[in-house]
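Engineer: So the sequence lines, in the order shown, correspond to chains A and B.
Everything in the first sequence is counted per the numbering used here, starting at 14 for the first residue and increasing by one.
Everything in the second sequence is counted per the numbering used here, starting at 23 for the first residue and increasing by one.
Built from N, CA and C at the ideal position, the CB exists for glycine as well.
From a predicted model like this one, the values you see are computed outputs, not experimental measurements.
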Amino acid sequence: MNAFRLAGDMTHLLSIILLLLKIRATKSCAGISLKTQELYVIVFMSRYLDLFRTYYSLYNSLMKIIFLGTSMCIVWYMRSHKVVRQTYNNDEDTFRHFFLVLPCFVLALLVHRNFTFIEILWTFSLYLESVAILPQLVLLQKSSNIDNLTGTYVFLLGAYRGLYLFNWVYRFFTENHRVRWIPWLSGLIQTAIYTDFFYYYIRSWKNREKLKLPA
Amino acid sequence: NVEPELHDEL
C-alpha cells in the first residue's frame with residue numbers, strides 16, 4: 014500500500030471519528046445531513062459485500078467492518094438517540110435519496126465491467142458515493158451557523174477521495190495497472206463536487222473567520 | 023485471469 018492510499022484511508026477514518034466525537038461530546042448532530050449518512054450506509058453495504066467472500070488483508074477487513082459499523086452507528090444516533098435526534102435539522106435536510114440512488118443504480122446496470130452481482134453492486138457503490146455528499150452540501154448552504162467540527166468533517170471527507178486519485182495515478186505507473194475508468198471518473202467527480210466547499214473552507218481558515226457558504 | 027481489480031481498496 015502506498016502513502017497516498019494510506020493517507021486517504023486515514024483521512025476518511027479521521028473524518029468519521031470527528032463526526033462521532035461531535036455527536037457524542039456535544040450531544041448534537043446539528044448541521045449533519047441524515048440523508049448523506051444513510052447514503053453512506055447504502056454505499057458501504059453494497060461495496061463491502063465481498064467482506065465474507067474474498068480476503069485481502071486484515072487491514073482491509075478491519076477497515077470495512079469499521080466503516081460499516083460507524084456509518085450505522087451515526088444513523089442510529091441521528092434517528093433514535095433521544096437527545097441527539099432532537100438536534101437534527103429535519104426541515105432543512107430536504108434532499109430526496111431516491112433521486113440519487115435510482116439513477117446510480119440504473120447507471121451501474123448500464124455501465125459496468127462485468128455483469129455479476131458483486132460487480133454491479135460495487136459499481137453502484139462507486140457511483141452513489143460520488144454524489145452522496147450532495148444532501149450534506151445543500152444543508153450546509155442553508156445553515157447560517159456551521160460549527161468547526163462539521164466544517165472539518167466535510168473537509169476531511171472530501172480530501173480522502175482526492176488522495177485516492179493520487180493513489181490511482183501512483184498505482185497506474187508502479188503496478189502495471191490498466192486504465193480503470195469507473196473508479197477514476199467517479200472519484201474525480203466526487204472530489205470535484207467539493208471544489209467550492211474546499212475554497213470557502215480554506216479561505217475561512219486563512220482569514221480566521223467563521224465558515225459560511227454562499228446560498 | 024480474474025484480477026481483484028481495485029477491490030482491494032476501500
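Contact check, threonine 24/A vs leucine 169/A under 8 angstroms by CB: the rounded distance?
Structural biologist: That belief holds up - the Cβ atoms of threonine 24/A and leucine 169/A are roughly 5 angstroms apart, short of 8 angstroms.
Engineer: Compare the C-beta of arginine 18/A against all C-beta atoms of chain B and say whether one is closer than 8 angstroms.
Structural biologist: Yes, its Cβ sits closer than 8 angstroms to a Cβ of chain B.
Engineer: How would you label proline 196/A, buried or exposed, when you count the other beta carbons within 10 angstroms and need 16 or more for buried?
Structural biologist: Classification of proline 196/A: buried, given that the 10 Å Cβ count is 16 or more.
Engineer: For tyrosine 213/A, which residues of its own chain have a beta-carbon under 6 angstroms away from its beta-carbon, when the five flanking residues on both sides are left out?
Structural biologist: Same-chain partners within the cutoff: Leu226.
Engineer: Can you find at least 3 beta carbon pairs, one from the region 126-137 of chain A and one from the region 91-104 of chain A, that sit closer than 8 angstroms?
Structural biologist: Contact fails: fewer than three Cβ-Cβ distances are below 8 angstroms.
Engineer: Within its chain, find whatever has a CB closer than 8 angstroms to the CB of asparagine 15/A; leave out the 5 residues flanking it on each side and keep chain order.
Structural biologist: Same-chain partners within the cutoff: Asn180, Tyr183, Arg184, Thr187.
Engineer: When the cut-off is 8 angstroms and only beta carbons count, does tyrosine 183/A lie next to chain B?
Structural biologist: No, no contact with chain B.
Engineer: Would a check of beta-carbon distances place asparagine 73/A closer than 8 angstroms to chain B?
Structural biologist: Output row for asparagine 73/A: interface = yes.
Engineer: Buried or exposed: where does threonine 67/A fall if 16 or more other Cβ atoms within 10 Å of its Cβ makes it buried?
Structural biologist: With fewer than 16 Cβ atoms within 10 Å of its Cβ, threonine 67/A is classed as exposed.
Engineer: Return the Cβ separation of glutamate 51/A and valine 88/A in integer angstroms, given the expectation that the two are a contact with Cβ distance under 8 angstroms.
Structural biologist: Contact holds; Cβ gap of about 6 angstroms.
Engineer: Using only alpha-carbon positions, find the residue among Ala38/A, Phe108/A, Val167/A, Phe80/A that is nearest to valine 96/A.
Structural biologist: The shortest Cα separation from valine 96/A among Ala38/A, Phe108/A, Val167/A, Phe80/A belongs to Ala38/A.
Engineer: Any chance you could list the alpha helix (DSSP H) runs of at least 4 consecutive residues sitting entirely within the region 104-131 of chain A, in chain order?
Structural biologist: As far as the region 104-131 of chain A is concerned, its whole alpha helix (DSSP H) runs of at least 4 residues are 111-123.
Engineer: Using the C-alpha atoms, what's the distance from leucine 147/A back to asparagine 23/B?
Structural biologist: At asparagine 23/B, the pLDDT of 35 sits below 50, so the modelled position is not reliable and the matter cannot be decided from this model.
Engineer: Could you tell me whether any Cβ in chain B is nearer than 8 angstroms to the Cβ of threonine 204/A?
Structural biologist: Chain B, which has no Cβ nearer than 8 angstroms to the Cβ of threonine 204/A, makes this no.
Engineer: Quick one, are the C-beta atoms of methionine 91/A and leucine 47/A less than 8 angstroms apart?
Structural biologist: Yes; because the gap between Cβ atoms is below 8 angstroms, this pair is in contact.
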